[in-house]
Each structure stands twice: as C-alpha cells, then as structure tokens.
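Sequential numbering from 3 applies to the sequence shown in this note's numbering. We treat Cβ as the ideally placed atom computed from N, Cα and C, and that holds for glycine. A quick note: this is a predicted structure, and the numbers were derived from the prediction, not measured.
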Amino acid sequence: MSNYYCLVAGMPDVAFDGSKVAYSVERFKEDIYPELSAADAACVDLFFLERDNANILNILRNGEDADILQYGCYSREELDEIILSAKNGDAPTEGVPSYIYSFVEHYVSNDNNTNVIWEDVLSAYYYDYATKCSNEFVAGWFTFNRNVNNILVAFSARKYKMNIAEAVIGDGEIAEALRTSGARDFGLTGALDYFESVQRLSENSRLQERERQLDDIRWKWLEDNSVFNYFSVERLFVFLVKLSILERWAKLDADKGMQRYNEMIAELKSGMDTKSVEL
C-alpha cells in the first residue's frame, strides 16, 4: 500500500454544512488519480464505475443518441467496443470488470422483458463486484451502501405490499434477513450500528430531507471508519466520495434556486398581465 503524504496534505478540508469547497471530482480525476499506484487506482475505479454503469445503460437503450456522463473509467468509444464485444460473447478484455460483460449479455438476452428494472439488475452485478475489492475499507464502503439501499427498499416494499425478496439485491446475512424475516425490524436491530438510523429515515416522506439525512449517514460512516487512515488511498477515497456528495447538493440547491427564480418571473408576468387587463 502506497502513502500519499503530499496529496493528502494538499487536500482542502470539507464539511457537510453547505459551505463551498474549492475542489471537484473532475479535478480529483485529473490531478490526484494519475499519481496513484495501479493497485490503488483499481480501488478508486470502483467509484468512477458508477458513471460507466449509467453510460452503459444509456447506450444500450438509446444507441448513438445516448448522452454520456464524463469522468468515468471509459470513454464513449471504449464503452462501445466493450458492449459490442460482450454482445458477441467474447471473453472480457483484460482490465475490464467482468460484471460489465455479464450484465450486457443478460440485457441482450432479456431486453424484451418489460418487467425488469435494469438499474436494479446492474446494481446487483456492480455491488457483487465492488464488495469483493481487496481493500477492506473500500469493500466495506460498498457493503455498507448495499445494506442501506436494501434496508430502504425492504421497508418501502413492505409498505406498498410489494415482493421484498425480489427487490433486495445481493447475498449475505443482511440480504437474507430482509428477504425472509417477518419481524417489524427484520430482526436486524443491533446487527448493524446504522440500522435504526436507516429505519427512521425510511419513515420520512419528505424526499429532499430524507436524501440529506441519508448523506449524513454516509458521511458519518466515512469518518467513523477512516479514523486511522492518514496518508493512504483510503483517505483519498473518502475525500473523493465527500466531494461527490457536496457537488450533488450544490447542484440540487442551484436547481432549486433556479426553480424559485422561474416561479418569481412567472408571478411577475402574471401580475403584469392582470394590470394590463385592468387598464
């Protein structure tokens, strides 16, 4: 494992309090990522693969018209080649995650099935791959996220009388308990130190407030589980994930501000039209 004294020392402090940070995921990919060892870069790739997942689904659905998210692991041209190779039944190219090939093959064989939620299928493949990461911290992060998502999905499925077993993804004790337990808490109180927080979160019907609380839980997990990681790739990974959380909320706040601005303009126009009628 490499140590990154200069990189970590140069990182700005970040806090989930609405304050701006003079850094970005884009800058991380351009400045920090190239300095990583091959093994550490493979760990960080798991973060960027989420963008590739979205791009792959978009290409499969929309072909040449697909809009592509930037700063994944692969370019549009590379993704086109990977998808074509998978469709042809070729063996995975060295270095390309095997789950991508497995998913594309599954998609091509079942794309006429309108009952499939392909985002969930791809997530199952992705998390199964990411939770097997050789880095214990990174594997733990993806295990945590899969557990949180499964818990929320299970409570939602129970509320709306849907099939919980089909909604939960992955294997392991937590997934099995969610699929099979009839207990109010699925028998998981005390099994996970964040279970009760997520359970309370599932009862919150205010979506934006719920999302912010969910990111609070994620932020806390990152901090609690990286206390003794100082100048390692784990510290850089935590910084990257925190940046992505802050960027998402900055965009959401900007979108909300623009929505309110448009509403104000509409109100002004409506008022002007009313005065014109009165005149």
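Asked	Found
Contact between the region 224-235 and the region 6-25 (3+ Cβ pairs under 8 Å)	yes
Cβ pair count under 8 Å reaching 3, the region 209-217 against the region 109-123	no
Status (buried if at least 16 other CB within 10 Å, exposed otherwise) for V110	exposed
Coarse secondary structure for T191, derived from DSSP in three states	strand
Residue range of the alpha helix (DSSP H) that includes S111	S100 to N112
Run of the alpha helix (DSSP H) containing V150, from where it starts to where it stops	E138 to K161
Distance, S246 Cα to K22 Cα	13 Å
Sequence-distant residues of the same chain with beta carbon closer than 7 Å to D67, five excluded per side	none
Whole-angstrom distance between E168 and R202, CA atom to CA atom	23 Å
Length of the line joining the Cα atoms of P14 and N165	45 Å
Counted within 10 angstroms of its Cβ, other Cβ atoms place S125 as buried (16 or more) or exposed	buried
Between the CA atoms of E138 and A11 - distance to the nearest angstrom	23 Å
For S278, the three-state DSSP class (helix, strand or coil)	Low local confidence applies: a pLDDT of 45 at S278 is under 50, so the model's placement there is unreliable, and no value is given.
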